[in-house]
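Just so we're aligned, residue 20 is where the sequence shown starts under our numbering, counting upward by one.
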Amino acid sequence: MKNLTVLISGASIAGPALAHWLARYGCTVTVVERAPGVRPGGQAVDFKGATHRTVLRRMGILDDVLARQTGGTDQTIINAEGRAQAVIPGEFTGGEIEIHRGDLAQLLHERTAPHCEYVFGDTITSLTETADGVDVTFARAAPRRFDLVVGADGIHSNVRRLAFGPEHDYVQHLGHYYALAELGEEVADGDAVMYNEPGRMAAVGGPKASAFFVFASPELDYDRTDVERQRTLVAGAYRGAGWRVPELIAKVPEAREFYLDALARVTIDHYSRGRVVLLGDAAYGNTLGGFGTGLAIVGAYVLAGELLAADGDHRAAFARYEEQFRGYAKISQRASAGPFLAPPSRLRIKLRDWTFKSRFLLRLMLKATDNFATDIKLKDYAPGS
Ligand SMILES: Cc1cc2nc3c(=O)[nH]c(=O)nc-3n(C[C@H](O)[C@H](O)[C@H](O)COP(=O)(O)OP(=O)(O)OC[C@H]3O[C@@H](n4cnc5c(N)ncnc54)[C@H](O)[C@@H]3O)c2cc1C
C-alpha cells in the first residue's frame with residue numbers, strides 16, 4: 020500500500036494503534052492531535068482474554084505492556100462508617116492486564132513516532148471528498164489532500180461531526196456523569212475504597228485515580244471547556260453526602276487535574292462514509308464500559324488488515340471491517356457502567372455488593388466478559404511479518 024496517504028485524527032489509543040499497522044504495511048501516515056502532546060492521565064484501562072493478547076503480541080508490544088501493568092488492585096466497598104461491605108477483586112475491575120491509559124498512549128506513540136508524522140496542537144476544520152481523495156483544512160496547518168481520513172478522536176469525535184453529522188445524532192446520554200480529580204497522594208494514600216449512596220459514588224485510592232466520582236443525572240447543560248463550572252456541578256451533585264465526601268469535594272476546586280464527562284454510548288449505522296472511516300470510541304464508544312481500549316486495539320488491527328487484504332481499496336476494506344467488527348463491538352451497545360457504579364437505591368447497592376460475595380456469580384461475570392472479549396475470529400493478515 021505504498022502510495023496510500025492516510026490522515027488519522029486522535030493520538031490516544033486507537034489512532035496510534037492504527038498508525039502502527041498502516042506504517043508497517045507501507046502507507047504514509049499523518050496523525051493530528053488537538054492536545055499539545057500525548058495526553059497523560061485517565062484511569063487504568065485493561066485487556067481481557069486471548070484476542071487482546073494476540074493482537075498485542077502481533078504488534079510486538081505485549082512484553083512492554085506487561086512490564087508497565089499495574090498488577091490490579093482489589094477495591095473495598097465501604098459504608099458511611101468506613102466498614103467493609105464487599106471487595107471487588109482486581110481481576111474484575113482491571114481485566115487480565117491493567118495499564119495506566121497514559122502509559123499505554125505514551126508507549127504507542129514512542130513505537131510509531133519514527134514511522135509516521137505526528138502533528139500536535141491542531142485539528143481538522145473541514146473535509147471535502149473528491150473522486151480521488153479528501154481535501155482537508157486544519158485550524159493551524161496548511162490544507163492538504165489525503166487518500167483516506169480516519170476519525171480516532173474519541174466519543175466526541177470531530178471527524179464524525181464533520182463527515183456524518185452532529186453529535187446528538189450518534190451519542191446517547193446514559194443517565195450518569197463521571198469526574199476524575201487529582202487531589203494529591205495524601206487523599207489517596209490508603210487502600211482503594213468505594214462509597215455509595217443511591218445514585219452517587221465516590222472512590223479514592225488504587226490505580227484508577229486519586230478521586231473518582233460517578234453520579235446519576237439527566238443531561239446537564241454546560242460548556243465542555245469551562246472547567247470551573249464543571250467543578251461546581253460536581254460539588255452540587257454531592258451536597259449532603261456522607262463518609263469522606265465533604266472533605267474530597269472541598270478539595271475539588273484546587274484539583275491539579277480535573278475531568279468531567281457524561282457516561283454515553285455511540286451508535287452509528289455505518290462506520291464509514293466514502294473515504295472517511297471511524298475507529299475506537301468515535302465509532303463504538305461506551306464510557307467506562309471496560310471494553311473501549313480492547314475494542315480500539317482490535318479494531319485498528321482489523322481495519323488496517325482489511326486495507327492490506329484489499330490492497331488499499333477502501334470501499335472493499337471498510338465494508339469488511341464493518342462486517343467483522345459490528346458483532347464484536349456489540350458489547351458497547353449493551354452495557355452501561357452507571358447503574359453498577361452508582362446503583363439507584365439502597366437495595367440495588369446491597370444486591371450489587373452481594374454479587375461480589377459469591378464466588379460463583381463472580382466467576383460467571385468474569386466468564387461473560389472473557390466471552391465478549393474473544394468473540395471474533397482474528398485473521399492473520401500478514402503472516403510472518
Ligand atoms: C485523557 C483521557 C483519559 C481517559 N481516561 C479513561 C479512563 O479513565 N477510563 C477508561 O476506561 N477510559 C478512559 N479514556 C478513554 C479510553 O482511552 C478509550 O475508551 C479507549 O482507549 C479508546 O480510545 P480512543 O483512542 O478511541 O479514544 P480516546 O482515548 O478518547 O482518544 C481520543 C483522542 O482524540 C483526541 N481528539 C479529540 N478531539 C480531537 C480533535 N478535534 N482533533 C484532534 N484530536 C482530537 C483526544 O485528545 C484524544 O487524544 C480516556 C481517554 C482520554 C483521552
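Where a beta carbon is used, it is the ideal one built from N, C-alpha and C, also for glycine.
Self-check item: Check: Gln249 C-beta below 7 Å from any heavy atom of ligand 3
Solution: In the structure on display, ligand 3 does not appear, and the ligands it does have are ligand 1.
Quiz prompt | Segments assigned alpha helix (DSSP H), at least 4 residues, entirely inside the stretch 247-297 | solution = As summarised for the stretch 247-297, the continuous alpha helix (DSSP H) elements at least 4 residues long and confined to that stretch are 264-270, given in chain order.
Practice problem: Kindly examine ligand 1 and report whether one of its heavy atoms sits closer than 7 Å to the Cβ of Asn177. | Solution: Position 158 of the sequence shown, counted from the first residue, corresponds to residue 177. Checking every heavy atom of ligand 1 against the Cβ of Asn177, one is found closer than 7 Å.
Exercise. Report yes if the CB atom of Pro55 is closer than 8 Å to the CB atom of Gly140, and no otherwise.
Key: Here residue 55 refers to the residue found at position 36 of the sequence shown. Here residue 140 refers to the residue found at position 121 of the sequence shown. Yes.
Quiz item: For Leu252, which of Gly261, Val233 and Arg263 has the nearest alpha-carbon?
Solution: On the sequence shown, residue 252 is found 233 positions in, with the first residue counted as 1. Scanning Gly261, Val233 and Arg263 for the CA closest to the CA of Leu252 turns up Val233.
Quiz item: Looking at Ser28 and Ala171, is the spacing between their C-beta atoms short of 8 Å?
Solution: On the sequence shown, residue 171 is found 152 positions in, with the first residue counted as 1. On the sequence shown, residue 28 is found 9 positions in, with the first residue counted as 1. Yes, these two residues count as a Cβ contact at 8 Å.
Quiz item: For the putative contact between Val206 and Tyr137, defined by C-beta atoms under 8 Å, what is the C-beta separation to the nearest angstrom?
Solution: Position 187 of the sequence shown holds residue 206. Position 118 of the sequence shown holds residue 137. 35 Å between Cβ atoms; not a contact.
Quiz prompt | DSSP-derived helix/strand/coil call for Tyr44 | solution = Taking the first residue of the sequence shown as position 1, residue 44 is located at position 25. In the three-state scheme derived from DSSP, where H, G and I count as helix and E and B as strand, Tyr44 is classed as coil.
Quiz item: Taking the alpha helix (DSSP H) that Ser351 falls in, what are its first and last residues?
Solution: By 1-based counting over the sequence shown, the position of residue 351 is 332. Unbroken alpha helix (DSSP H) run through Ser351: Ile350 to Arg353.
Practice problem: With Thr95 as the anchor, note down where its beta strand (DSSP E) starts and where it stops. | Solution: Residue numbering aside, residue 95 sits at position 76 when the sequence shown is read from its first letter. Here the beta strand (DSSP E) through Thr95 covers Gln94 to Ile97.
Quiz item: Which runs of the beta strand (DSSP E) spanning at least 3 residues fall entirely within the stretch 179-225, listed in chain order?
Solution: If we require 3 residues or more, the beta strand (DSSP E) runs fully inside the stretch 179-225 come out as 190-200, 212-216 and 219-223.
Practice problem: Mind checking which residues open and close the beta strand (DSSP E) that includes Arg163? | Solution: The residue given as residue 163 occupies position 144 in the sequence shown. Taken as a continuous stretch (DSSP letters only), the beta strand (DSSP E) holding Arg163 covers Arg163 to Phe165.
Exercise. Please list, in chain order, all residues of the same chain as Tyr320 whose beta carbon is under 6 Å from its beta carbon, the five residues on each side excluded.
Key: Locating residue 320 in the sequence shown gives position 301, where the first residue counts as 1. These residues qualify, in order along the chain: Val74.
Quiz prompt | Every unbroken alpha helix (DSSP H) within the stretch 38-86, with a cutoff of 4 residues, ordered by chain | solution = Here the runs fully enclosed are 68-78.
Quiz item: Between the stretch 162-171 and the stretch 77-89, do at least 3 Cβ pairs fall closer than 8 Å?
Solution: No: fewer than three Cβ pairs fall under 8 Å.
Quiz item: Could you check where the alpha helix (DSSP H) with Asp389 kicks off and where it finishes?
Solution: Stepping through the sequence shown from its first residue, residue 389 is reached at position 370. Run containing Asp389: Arg378 to Ala392, per the alpha helix (DSSP H) assignment.
Quiz item: So does Arg120 have its beta carbon nearer than 7 Å to some heavy atom of ligand 1?
Solution: Here residue 120 is taken as the residue at index 101 of the sequence shown, counted from 1. It does: the Cβ of Arg120 is within 7 Å (strictly closer) of some heavy atom of ligand 1.
Quiz item: From what residue to what residue does the beta strand (DSSP E) around Tyr137 run?
Solution: Walking along the sequence shown from the start, residue 137 turns up at place 118. Annotation for Tyr137: the continuous beta strand (DSSP E) segment containing it runs Glu136 to Phe139.
Quiz prompt | Proximity to Met78 [Cα-Cα], best of Thr142, Ala99, Ala38 and Gln104 | solution = If you number the sequence shown from 1, residue 78 lands on position 59. Comparing Cα-Cα distances from Met78 to each of Thr142, Ala99, Ala38 and Gln104, the minimum goes to Ala38.
Quiz prompt | DSSP state of Asp372 mapped onto helix, strand, coil | solution = For the purposes of this step, residue 372 is taken as the residue at position 353 of the sequence shown. Three-state result, Asp372: helix.
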